[in-house]
Amino acid sequence: MDKRRVSPLTKQRAFATIKLVAKAVLSGEQALTYSQLALRLGMSKVNGQGLSSYLNEAAALCAEHSLPNVSVLVVSKDSLDQGRPMPSEGSFTDGFYASTGLTKADIPAEQERVRMFDWKSVRSLNLE
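For the sequence shown, the numbering used here begins at 12 and goes up steadily by one.
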(Lines of atoms letter the chains of each structure in order from A and count residues from 1; the text may use other names and numbers.)
(Lines give C-alpha, C1' and ligand atoms only; values in the text may rest on other atoms or scores of the structure.)
Protein backbone atom coordinates (compact mmCIF):
# COMPACT_ATOMS: atom_id res chain seq x y z
CA MET A 1 0.00 0.00 0.00
CA ASP A 2 1.35 3.42 -0.97
CA LYS A 3 1.64 5.55 2.17
CA ARG A 4 0.83 9.22 1.82
CA ARG A 5 3.31 11.64 3.28
CA VAL A 6 1.47 14.35 5.10
CA SER A 7 2.49 16.61 7.93
CA PRO A 8 1.01 16.25 11.42
CA LEU A 9 -0.80 19.59 10.90
CA THR A 10 -2.34 18.36 7.66
CA LYS A 11 -3.51 15.15 9.35
CA GLN A 12 -4.96 17.14 12.25
CA ARG A 13 -6.78 19.61 10.01
CA ALA A 14 -8.02 16.86 7.68
CA PHE A 15 -9.58 15.03 10.64
CA ALA A 16 -11.00 18.34 11.88
CA THR A 17 -12.44 18.95 8.40
CA ILE A 18 -14.27 15.62 8.49
CA LYS A 19 -15.62 16.42 11.93
CA LEU A 20 -16.65 19.98 10.99
CA VAL A 21 -18.47 18.88 7.84
CA ALA A 22 -20.21 16.10 9.78
CA LYS A 23 -21.29 18.59 12.46
CA ALA A 24 -22.53 20.99 9.79
CA VAL A 25 -24.61 18.24 8.17
CA LEU A 26 -26.03 17.19 11.54
CA SER A 27 -27.03 20.80 12.25
CA GLY A 28 -28.84 21.05 8.90
CA GLU A 29 -26.32 23.05 6.87
CA GLN A 30 -26.38 22.17 3.17
CA ALA A 31 -22.67 22.84 2.67
CA LEU A 32 -19.73 24.92 3.91
CA THR A 33 -17.94 27.54 1.86
CA TYR A 34 -14.17 27.46 1.71
CA SER A 35 -14.08 30.59 3.89
CA GLN A 36 -16.42 29.06 6.48
CA LEU A 37 -14.24 25.97 6.71
CA ALA A 38 -11.06 28.04 7.04
CA LEU A 39 -12.67 30.10 9.80
CA ARG A 40 -13.88 27.00 11.67
CA LEU A 41 -10.43 25.43 11.36
CA GLY A 42 -8.96 28.56 12.96
CA MET A 43 -6.82 29.43 9.96
CA SER A 44 -5.34 32.89 9.70
CA LYS A 45 -6.35 33.22 6.02
CA VAL A 46 -10.11 32.86 6.03
CA ASN A 47 -10.48 33.31 2.28
CA GLY A 48 -10.03 29.56 1.88
CA GLN A 49 -6.51 29.65 0.45
CA GLY A 50 -4.41 26.74 1.64
CA LEU A 51 -7.26 24.28 2.16
CA SER A 52 -6.45 21.91 -0.69
CA SER A 53 -4.01 19.70 1.23
CA TYR A 54 -6.50 19.34 4.09
CA LEU A 55 -9.38 18.55 1.73
CA ASN A 56 -7.25 16.06 -0.21
CA GLU A 57 -6.23 14.28 2.99
CA ALA A 58 -9.80 14.37 4.34
CA ALA A 59 -10.98 12.71 1.11
CA ALA A 60 -8.25 10.08 1.40
CA LEU A 61 -9.17 9.36 5.04
CA CYS A 62 -12.83 9.06 4.11
CA ALA A 63 -11.95 6.58 1.34
CA GLU A 64 -9.75 4.52 3.69
CA HIS A 65 -12.56 4.24 6.24
CA SER A 66 -15.39 3.70 3.72
CA LEU A 67 -16.98 7.04 4.54
CA PRO A 68 -18.61 9.42 2.07
CA ASN A 69 -16.22 12.07 0.74
CA VAL A 70 -16.84 15.15 2.91
CA SER A 71 -14.79 17.39 0.62
CA VAL A 72 -17.73 17.54 -1.80
CA LEU A 73 -19.63 19.69 0.71
CA VAL A 74 -16.93 22.36 0.81
CA VAL A 75 -18.09 24.64 -1.95
CA SER A 76 -17.76 28.04 -3.56
CA LYS A 77 -19.82 30.83 -2.01
CA ASP A 78 -21.33 31.72 -5.40
CA SER A 79 -22.63 28.20 -5.97
CA LEU A 80 -24.07 28.03 -2.44
CA ASP A 81 -25.74 31.44 -2.87
CA GLN A 82 -27.29 30.18 -6.12
CA GLY A 83 -28.70 27.11 -4.34
CA ARG A 84 -26.49 24.70 -6.28
CA PRO A 85 -23.53 24.02 -4.00
CA MET A 86 -20.49 22.83 -5.92
CA PRO A 87 -16.76 22.77 -5.22
CA SER A 88 -14.69 25.35 -7.06
CA GLU A 89 -13.97 24.84 -10.75
CA GLY A 90 -10.28 24.62 -9.84
CA SER A 91 -10.85 21.43 -7.89
CA PHE A 92 -11.98 19.78 -11.12
CA THR A 93 -9.03 21.02 -13.18
CA ASP A 94 -6.25 20.24 -10.70
CA GLY A 95 -6.91 16.50 -10.84
CA PHE A 96 -8.18 16.24 -7.26
CA TYR A 97 -11.58 14.77 -8.05
CA ALA A 98 -10.15 12.57 -10.79
CA SER A 99 -7.88 11.03 -8.13
CA THR A 100 -10.92 10.28 -5.94
CA GLY A 101 -12.80 8.62 -8.79
CA LEU A 102 -15.49 11.32 -8.81
CA THR A 103 -16.47 13.40 -11.80
CA LYS A 104 -18.32 16.71 -11.67
CA ALA A 105 -21.50 14.82 -12.56
CA ASP A 106 -21.00 12.56 -9.50
CA ILE A 107 -20.82 15.44 -7.00
CA PRO A 108 -24.56 15.89 -6.27
CA ALA A 109 -25.00 12.17 -5.51
CA GLU A 110 -21.91 12.13 -3.28
CA GLN A 111 -23.15 15.27 -1.51
CA GLU A 112 -26.40 13.45 -0.78
CA ARG A 113 -24.44 10.45 0.55
CA VAL A 114 -22.60 12.78 2.94
CA ARG A 115 -25.86 14.38 4.07
CA MET A 116 -27.63 11.04 4.61
CA PHE A 117 -24.74 9.25 6.35
CA ASP A 118 -25.03 8.46 10.07
CA TRP A 119 -22.05 10.51 11.24
CA LYS A 120 -22.85 9.82 14.89
CA SER A 121 -21.94 6.18 14.22
CA VAL A 122 -18.29 7.16 13.62
CA ARG A 123 -16.98 6.87 17.16
CA SER A 124 -13.70 8.66 16.54
CA LEU A 125 -15.63 11.86 15.70
CA ASN A 126 -17.34 11.97 19.14
CA LEU A 127 -20.50 13.58 17.76
CA GLU A 128 -22.97 12.11 20.27
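Even glycine gets a Cβ: it sits at the ideal position worked out from N, Cα and C.
Around the beta-carbon of SER38, fewer than 16 other beta-carbon atoms lie within 10 Å, marking it exposed. Looking at the backbone, the Cα of THR114 and that of PHE103 are separated by about 8 angstroms.
Taking the C-beta atoms as reference points, LEU43 is found no nearer than 8 angstroms to ALA33.
Residue TYR45 holds the alpha-carbon nearest to the alpha-carbon of SER99 among GLN122, PRO79 and TYR45.
The closest CA to that of MET127, considering only GLU40, SER55 and LEU20, is found on GLU40. Within the segment 54 to 123, the complete alpha helix (DSSP H) segments at least 4 residues long are 63 to 75, 88 to 92, 101 to 104 and 107 to 111, listed from N- to C-terminus. Between the alpha carbons of VAL81 and SER55 lies a gap of roughly 22 angstroms.
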